[in-house]
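Chemist: So the protein lines, in turn, are chains U and F.
Under our numbering, read the first sequence as residues 1 to 100, first letter to last.
Under our numbering, read the second sequence as residues 101 to 435, first letter to last.
Quick one: this structure, given as structure tokens, is what I'll be asking you about.
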Amino acid sequence: MPDTKTENTTKEILALLQEVLVDAGIDLPPQELGPETSLTMDLGIDSFHLVEIATRVEVAFDNRFTLVDWVVDQQDAPDPAFTLASLVVFIQAQLAELSA
Amino acid sequence: MPALPVRILGTGKALPAKAVTADDMDRRLGLAPGTVAKQSGVLTRYFVDGETTSSMGAQAARSALEAAGLEASDLDAIVGVCGGQEQAIPCTASLVQKALGLSTSGIPSFDVNSTCLSFVTGLDVVSHLIASGRYERVLLVASEIASVGLNWNDRESATIMGDGAAAAVIGRAKEGETSRIFGARMETYSEGSEMTRLRAGGTRYHPRQASDLKAYVDEYALFEMDGKSVFKFTSQKLPGFVERFFEQVGSSLSEVDMVLPHQASPTAMWLVQRRLGVSPEKFMVIAPEFGNTIAASIPMALHEAISRGKLKRGDRAMLLGTSAGFSMGALLFEY
């Protein structure tokens, strides 16, 4: 049985990320930005643009945490790295740590 | 160790006349408009078009001397703090002395080099010489021509670098002046010495050994940077370094009014600012306007912070950076 709370949170976070990406000028409808979408491989985002988007995500979460560790970890992750799913998992971990 | 009664008397900067925008870079690299701005975050950099390391250094020095209310002949020493030299021999400080019209002055002129950290290292060394009474007024000058060694096939490094110079005149704080240097720290981890390098220019890869000059240049005389490794190394090492630095100088980041970091790249600065938890208002960022000007970047950030009213007399500031080596350096002072 799925954990409804986590499931909802995942959907909410993904929806927020889709919104951030569209606001950042990613020219794709939100429904095409799924969990397996890689920011680097599928959307061609890297270097400064990647941290610019990371900054927008941090602001969307009221700067309660930083995405530095996610960016550093994903540089070593096997492809496809920088997926929205990995970002959702990272954000969930940060939120859980903050509420602990 | 007690704080040293050393004061920054004046600062200056000099840029080549030719500004190169991110759009110019897109055209040069055959990229879609907007690519370089998005990927590097550097919107403008300056490339030389006839200027030399020593001519830019002298221009920045004159500006620093004017800000200090001094003449070039008032200097006791000229210290070159460049990452890249105008030529292998003699040292750049000697060539700057000549460009300042001081070629018969006898003013001691020498270089201190720790690549991008040269200004921090130079200021650390010179502050002790001033505090001990060896010198009264010293010019530190960093002048860089990064564009000469860029690898245009490596977009990551080619789009973040810029040319330029910055200088500072340093002297002993007078009675009643609170300016001082609290301390400095440097750590070098040569396990990272191959992450950032330009192999030619020394004894190991001399052009005399080359049978094909173009192949030699492409292989050894261009700037190489493994950006991902530098990013990771910095992320791992910097927080501990900063902790040890503040423990050594007996202060804390919360007591610092302005952090003046090496302008490695907007991406790297994002990492440092967040990793250390410094608020954006206290973190001087000029890389989008000038790019990474190697050793000139920290004194240029210092000069801009003063010029823009972000750093005032009595404020406490921290110079912070990383350099090829791999080294980390920091210095805490009251302006």
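Note that beta-carbon positions come from the ideal geometry of N, C-alpha and C, so glycine has one too.
1) Under 7 Å Cβ-Cβ, which residues of chain U neighbour F:S140?
2) Report the partner residues of F:R408 according to the DSSP bridge assignment.
3) If you follow the beta strand (DSSP E) that F:D211 is in, where does it begin and where does it stop?
4) Beta-carbon separation of F:M384 and F:P361 under 9 Å?
5) Might you give, ordered along the chain, the residues of its own chain that have their beta carbon closer than 7 Å to the beta carbon of U:D79, omitting 5 neighbours on each side?
6) Taking buried to mean at least 16 other C-beta atoms within 10 Å of its own C-beta, is U:G25 buried or exposed?
7) Please name the residue in F:R408, F:G391, F:P399 whose C-alpha comes closest to that of F:A137.
8) Classify F:R321 as helix, strand or coil using the three-state DSSP reduction.
9) Helix, strand or coil: how does DSSP classify U:M1 here?
10) Does any residue of chain F have a CB that is nearer than 9 Å to the CB of U:E75?
11) When you compare each of U:D23, U:L50, U:V20, U:G34 to U:L126 by their alpha carbons, which one comes out closest?
12) Determine the direct distance from the alpha carbon of F:N253 to that of F:D174, and round the result to whole angstroms.
13) Examine the Cβ distances between the stretch 177 to 193 of chain F and the stretch 237 to 248 of chain F and report whether three or more of them are shorter than 8 Å.
14) Just how far apart, CA to CA, sit F:T192 and F:I178?
15) If you count every other CB in all the chains shown that lies within 10 Å of the CB of F:A164, and 16 or more means buried, which is it?
16) Determine whether the Cβ of U:A93 lies closer than 9 Å to any Cβ atom of chain F.
17) At the level of alpha carbons, what is the spacing between U:M1 and U:H49?
18) Identify the continuous alpha helix (DSSP H) that holds U:Q41 and give its terminal residues.
19) Is it buried or exposed, F:R304, if we count other Cβ atoms within 10 angstroms and call 16 or more buried?
20) Indicate the three-state DSSP secondary structure (helix, strand or coil) for F:F219 in the structure shown.
21) Please list the partners that F:P105 has in chain U, where partner means a Cβ-to-Cβ separation under 9 Å.
22) Closer than 8 Å by beta-carbon distance: list the chain F residues that pair up with U:V59, in chain order.
23) Going along the chain, which residues of its own chain have a beta-carbon closer than 6 Å to the beta-carbon of U:L17, five neighbours each way excluded?
24) Helix, strand or coil for F:E347? Go by DSSP, reduced to three states.
25) Consult DSSP for U:V68 and reduce its assignment to one of helix, strand or coil.
26) Quick check: what's the CA-CA separation for U:T4 versus F:K337?
27) In the DSSP assignment, find the beta strand (DSSP E) that holds F:M286 and state where it starts and stops.
28) Tell me whether U:A100 is buried or exposed, calling it buried when 16 or more other Cβ atoms sit within 10 Å of its Cβ.
29) If you run the structure through DSSP and keep just helix, strand and coil, what is F:P361?
30) I'd like to know if the stretch 150 to 157 of chain F and the stretch 212 to 227 of chain F are in contact, where contact means that at least 3 CB-CB pairs between them fall below 8 Å.
31) Could you say which of F:R162, F:T204, F:T152 lies nearest to F:Q187 if we only look at CA atoms?
32) If we define contact as Cβ-Cβ less than 9 Å, is U:T9 a contact residue for chain F?
33) With a threshold of 8 Å on Cβ separation, who are the neighbours of U:E36 within its own chain once the five nearest residues in sequence on each side are excluded?
34) Please identify, using Cβ separations under 7 Å, the residues of the stretch 300 to 330 of chain F that lie next to chain U, in order along the chain.
Modeler: So, to answer that:
1) Translated into positions along the second sequence, residue 140 of chain F becomes position 40. The answer, in chain order, is S47, F48.
2) For the purposes of this step, residue 408 of chain F is identified with residue 308 of the second sequence, where counting begins at 1. Residue pairing from DSSP leaves F:R408 without any beta-bridge partner.
3) Taking the second sequence and counting its residues from 1, the one referred to as residue 211 of chain F is at position 111. Note, F:D211: beta strand (DSSP E), 209 to 211.
4) Working through the second sequence from its first residue, we reach residue 384 of chain F at position 284. Working through the second sequence from its first residue, we reach residue 361 of chain F at position 261. F:P361 is positioned such that its CB atom lies closer than 9 Å to that of F:M384.
5) Position 79 of the first sequence holds residue 79 of chain U. Within the same chain, Cβ atoms closer than 7 Å to the Cβ of U:D79 are found at M41, the five residues on either side in sequence being excluded.
6) Residue 25 of chain U sits at position 25 when you count from the first residue of the first sequence. Label assigned to U:G25: exposed.
7) The residue labelled residue 137 of chain F in the question sits at position 37 within the second sequence. Here the closest residue by C-alpha is F:G391.
8) Here residue 321 of chain F corresponds to residue number 221 of the second sequence, with the count starting at 1. The sequence as given places Ala at residue 321 of chain F; Arg does not occur at that position. The three-state reading of DSSP puts F:A321 in coil, since its state is none of H, G, I, E or B.
9) Here residue 1 of chain U corresponds to residue number 1 of the first sequence, with the count starting at 1. With a pLDDT of only 45 at U:M1, under 50, the local geometry of the prediction cannot be trusted, and the value read off the model is given with reservation. DSSP places U:M1 in coil when its eight states are reduced to three.
10) Here residue 75 of chain U refers to the residue found at position 75 of the first sequence. Rather than Glu, the amino acid found at residue 75 of chain U in this sequence is Gln. With 9 Å as the cut-off, U:Q75 counts as an interface residue toward chain F.
11) The requested residue 126 of chain U is not part of the displayed model; chain U covers only 1 to 100.
12) As a working note, residue 174 of chain F is residue 74 in the second sequence. As a working note, residue 253 of chain F is residue 153 in the second sequence. Distance from the CA atom of F:D174 to the CA atom of F:N253, rounded to whole angstroms, is 46 Å.
13) Taking a cut-off of 8 Å for Cβ pairs, the stretch 177 to 193 of chain F and the stretch 237 to 248 of chain F touch, as three or more such pairs fall below it.
14) For the purposes of this step, residue 192 of chain F is taken as the residue at position 92 of the second sequence. For the purposes of this step, residue 178 of chain F is taken as the residue at position 78 of the second sequence. The straight-line gap separating the alpha-carbon atoms of F:T192 and F:I178 is approximately 10 Å.
15) As a position in the second sequence, residue 164 of chain F is number 64, starting the count at 1. Burial call: buried.
16) Translated into the one-based positions of the first sequence, residue 93 of chain U becomes position 93. Not a single C-beta of chain F is nearer than 9 Å to the C-beta of U:A93.
17) For the purposes of this step, residue 1 of chain U is identified with residue 1 of the first sequence, where counting begins at 1. For the purposes of this step, residue 49 of chain U is identified with residue 49 of the first sequence, where counting begins at 1. Here the model assigns U:M1 a pLDDT of 45, short of 50, so the residue's position is not dependable, and the following value carries that caveat. Between U:M1 and U:H49, the alpha-carbon positions lie close to 39 Å from each other.
18) On the first sequence, residue 41 of chain U is found 41 positions in, with the first residue counted as 1. Note that residue 41 of chain U is Met in the sequence shown, not Gln. Note, U:M41: premise wrong, no alpha helix (DSSP H); not H, not E.
19) Your numbering for residue 304 of chain F matches position 204 in the second sequence. Under this definition F:R304 is an exposed residue.
20) Counting from 1 along the second sequence, the entry for residue 219 of chain F is found at position 119. Correct three-state label for F:F219: helix.
21) As a position in the second sequence, residue 105 of chain F is number 5, starting the count at 1. None at all; the shortest Cβ gap to chain U is about 38 Å.
22) Within the first sequence, residue 59 of chain U is the residue found at index 59, counting from 1. Residues of chain F passing the Cβ test: none, with the nearest at roughly 11 Å.
23) For the purposes of this step, residue 17 of chain U is taken as residue 17 along the first sequence, with counting starting at 1. Taking U:L17 as the centre and dropping the five residues before and after it, the same chain places the C-beta of L84 closer than 6 Å to its C-beta, in chain order.
24) Position 247 of the second sequence holds residue 347 of chain F. Helix, per DSSP.
25) Sequence index remark: in the first sequence, residue 68 of chain U carries index 68 (1-based). Looking at U:V68 - three-state DSSP - the assignment turns out to be helix.
26) As a first step, residue 4 of chain U must be located in the first sequence, where it is residue number 4. As a first step, residue 337 of chain F must be located in the second sequence, where it is residue number 237. With a pLDDT of 47 at U:T4, under the threshold of 50, the modelled position of this residue cannot be trusted; read the value that follows with caution. Taking the straight line joining both Cα atoms gives about 40 Å.
27) If you number the second sequence from 1, residue 286 of chain F lands on position 186. Element bounds for F:M286: 280 to 288.
28) On the first sequence, position 100 is the one that residue 100 of chain U refers to. U:A100 comes out exposed.
29) What you label residue 361 of chain F is simply residue 261 of the second sequence in a count that begins at 1. Strand.
30) A contact is defined here as three or more CB-CB pairs under 8 Å, and the stretch 150 to 157 of chain F fails this definition with respect to the stretch 212 to 227 of chain F.
31) Here residue 187 of chain F is taken as the residue at index 87 of the second sequence, counted from 1. The shortest Cα separation from F:Q187 among F:R162, F:T204, F:T152 belongs to F:T152.
32) The residue given as residue 9 of chain U occupies position 9 in the first sequence. Taking Cβ atoms only, chain F never reaches closer than 9 Å to U:T9, which makes this a no.
33) Taking the first sequence and counting its residues from 1, one reaches residue 36 of chain U at position 36. Result list for U:E36: P80, T83, L84, A85, in chain order.
34) Flagged, chain order: K328.
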